[in-house]
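Notes follow the structure.
In full-length UniProt numbering, the protein residues as written are 1 to 430.
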């Protein structure tokens, strides 16, 4: 009898989940094979009610079906009167009120009446199809957007007429696992409005986590080919991807590598299709230009009087060296270090250990640059530059500074004038 009761309780729960999953299947982009009842009890349960734009909801620990059923009763033993929350279905897709399919833990997608095709014209969104109206790096809401330029709608319409299927592949890491949170709502609302104004059908995939769905991983492309193109295998010779992260000097900096981001270019290469930047299709961007922060008087031509002359000179010398090598990998480093000089030339304070958090927040200063700054504050030199100077038979930092130069408390370094011209700080920007 006890065994029968336990089996019955599990089956009731299983039937409820099965019924609910079938309801979702009727409206979802996901194939029926996704709904595997035998594995539901072991999946993570995602809390989708966190409306935070920056923080993802916590993932609850795995629990058995019977344990969850037991916990649904109040502490005094009486049955709970709370209604089951439909959004807590573990790994099951959720269809929101505007028709987007949210697939935990890291994918959001929707088909805006597009037709399967062997010709795929794929696009990134931010910085490629649209920019923010405000000029902010990130949209402040679902209405904070405008087209890359006025040609975007007509170009997309022409591609659709030529038989291309318009597909959007976009990384939306700010959403994380809060697939129905505020950041997700903003992204979905923005793209929905954009496609409506463009007047084109499209299939949209948004990768919100750090798994292989995220570009430059090929997960979103593989999902398109296997499940969402009507059984038609795309002809890669007739497919292309358009994105703004192409490793150009003007591209945004990847804070992990401290190099210009090339995520979109690498994605196209990994998939094996052609790659274009937005300017190739649409022409010049009409994005709002944000004026740079005002620099100290004379700072753009001479750093000798700059508050952070020593640190800026280190980055300038590193940049000059890597530019001079002519190697591709070295060039990326050179560009990154040059951007650090431009970014910090107007930093209002003397850089020291107590304000490194503020320094790290400056756009253009990445992980690698921060390591250089910390090394200099802690030791009074940068070994990378010491090695470069030694290889050229030049003057090292140790030789350029007097022996009484010390690292002051709090990380500030104070040196009298250098002993050689090679260590001088005055320079002109390239």
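Positions of the beta carbon are idealized from the N, C-alpha and C atoms, including for glycine.
Handout entry: For residue 347 and residue 500, the rounded distance between their alpha carbons
Key = Because the chain is modelled from 1 through 430, residue 500 falls outside the range shown and cannot be assessed.
Problem - Cβ-Cβ distance between residue 362 and residue 351 below 7 Å - result: In this structure, the beta-carbon distance from residue 362 to residue 351 does not fall below 7 Å.
Exercise for the section: Tell me whether residue 393 is buried or exposed, calling it buried when 16 or more other Cβ atoms sit within 10 Å of its Cβ. Expected result: Residue environment for residue 393: exposed (fewer than 16 other C-beta atoms within 10 angstroms of its C-beta).
Exercise for the section: Compare the beta carbon distance of residue 273 and residue 239 with 7 Å and say whether it is the shorter of the two. Expected result: Yes. Within cutoff.
Handout entry: Exposure of residue 173, with buried meaning 16 or more beta-carbon neighbours within 10 Å
Key = Its Cβ having fewer than 16 others within 10 Å, residue 173 is exposed.
Practice task
Keeping to the same chain, check which residues put their C-beta closer than 7 Å to that of residue 312; ignore five residues upstream and five downstream.
Solution key: Counting only Cβ-Cβ distances below 7 Å, and skipping sequence neighbours, we find 303, 306, 341, 344, 345.
Practice task
Check whether the Cβ atoms of residue 204 and residue 160 sit closer than 7 Å, and answer yes or no.
Solution key: It is not a contact, given that the beta carbons lie outside the stated cut-off.
Handout entry: Segment contact flag, the region 109–127 with the region 151–171, C-beta cutoff 8 Å, min 3 pairs
Key = The count of Cβ pairs closer than 8 Å, one atom from the region 109–127 and one from the region 151–171, reaches three, so the stretches are in contact.
Practice task
Give me the Cβ distance between residue 124 and residue 170, rounded to the nearest whole Å; I'm assuming they're in contact under 8 Å.
Solution key: Taking the Cβ atoms as the reference, residue 124 lies roughly 6 Å from residue 170, within the contact range of under 8 Å.
Handout entry: Residues near residue 212 by beta carbon distance below 8 Å, same chain, minus five either side
Key = Excluding its 5 nearest sequence neighbours in each direction, residue 212 has C-beta neighbours in its own chain below 8 Å: 218, 219, listed in chain order.
Problem - Three-way DSSP call (helix, strand, coil) for residue 389 in this model - result: Assignment of residue 389 by DSSP, reduced to helix, strand and coil, places it in the helix class.
Handout entry: When 112, 235, 93 are compared against residue 103, the one with the closest alpha-carbon
Key = Comparing alpha-carbon positions, the option among 112, 235, 93 lying closest to residue 103 turns out to be 93.
Problem - Beta-carbon separation (whole angstroms), residue 250 vs residue 149, contact threshold 8 Å - result: Contact doesn't hold; Cβ gap of about 16 Å is too wide.
Practice task
Using beta-carbon positions only, say whether residue 337 and residue 323 come within less than 7 Å of one another.
Solution key: No, they are not a contact pair.
Handout entry: Supposed close pair residue 194, residue 129 - CB separation, criterion 8 Å
Key = Right, their Cβ atoms sit about 7 Å apart.
Handout entry: Residue burial classification, residue 260 (beta-carbon count within 10 angstroms, cutoff 16)
Key = That one is buried.
Exercise for the section: Name the residue from 152, 175, 183 whose alpha carbon lies nearest to the alpha carbon of residue 433. Expected result: The structure shown does not extend to residue 433, since the chain spans only 1 to 430, so no value can be given for it.
Problem - Coil, strand or helix - residue 111 by DSSP - result: If DSSP states are grouped into helix, strand and coil, residue 111 belongs with the strands.
Exercise for the section: Take the Cβ of residue 267 as the centre, count every other Cβ of all protein chains shown within 10 Å, and call the residue buried at 16 or more, exposed below. Expected result: Residue 267 comes out buried.
Practice task
Can you give me the Cβ contacts of residue 375 inside the same chain, cut-off strictly under 6 Å, excluding the 5 residues immediately before and after it?
Solution key: Cβ neighbours of residue 375 beyond the five flanking positions: 382.
Handout entry: residue 105 beta carbon near the ligand FMN (any heavy atom closer than 6 Å)
Key = The ligand FMN is not part of this structure, which contains no ligands at all.
Handout entry: The beta strand (DSSP E) enclosing residue 269, as first and last residue numbers
Key = Counting along the chain, residue 269 falls outside any beta strand (DSSP E), though it belongs to the alpha helix (DSSP H) covering 263–271.
Practice task
Confirm, please, whether the CB-CB distance from residue 271 to residue 221 is below 7 Å.
Solution key: Contact: yes.
Problem - Inter-residue spacing [alpha-carbon to alpha-carbon] between residue 189 and residue 202 - result: If I take the Cα positions, the gap works out to 15 Å.
Practice task
Could you tell me whether any Cβ in chain C is nearer than 7 Å to the Cβ of residue 170?
Solution key: The question asks about chain C, but that chain is absent: this structure has only one protein chain.
Practice task
With DSSP as the reference, label residue 155 as helix, strand or coil.
Solution key: It is helical.
Practice task
Please name the residue in 231, 235, 232, 263 whose C-alpha comes closest to that of residue 245.
Solution key: Residue 263 is the option with its Cα nearest to residue 245.
Problem - Inter-residue Cα distance where the pair is residue 431 and residue 111 - result: The requested residue 431 is not part of the displayed model; the chain covers only 1 to 430.
Exercise for the section: With residue 101 as the anchor, note down where its beta strand (DSSP E) starts and where it stops. Expected result: It spans 101–103 - the beta strand (DSSP E) in which residue 101 sits, taken as one unbroken run.
Exercise for the section: Compare the C-alpha of residue 120 against each of 326, 233, 319 and name the closest. Expected result: It is 233.
Practice task
Kindly identify the DSSP beta-bridge partner or partners of residue 242.
Solution key: Note: residue 242 sits in a beta bridge opposite 123, 276.
Practice task
Please report how far the alpha carbon of residue 377 lies from the alpha carbon of residue 126, in whole angstroms.
Solution key: In a straight line, the C-alpha of residue 377 is about 37 Å away from that of residue 126.
Practice task
Going by DSSP, name the residue or residues bridged to residue 248.
Solution key: Answer by DSSP bridge pairing: none, since residue 248 is not bridged.
Problem - residue 167 - partner residues in DSSP beta bridges - result: Answer is 122, 203, bridged to residue 167.
Practice task
Using the DSSP secondary-structure output, state which residues sit across from residue 321 in a beta bridge.
Solution key: None; residue 321 has no bridge partner.
Handout entry: Contact under 7 Å by Cβ, residue 132 with residue 176
Key = Contact annotation: residue 132 and residue 176 have beta-carbon atoms that are not nearer than 7 Å.
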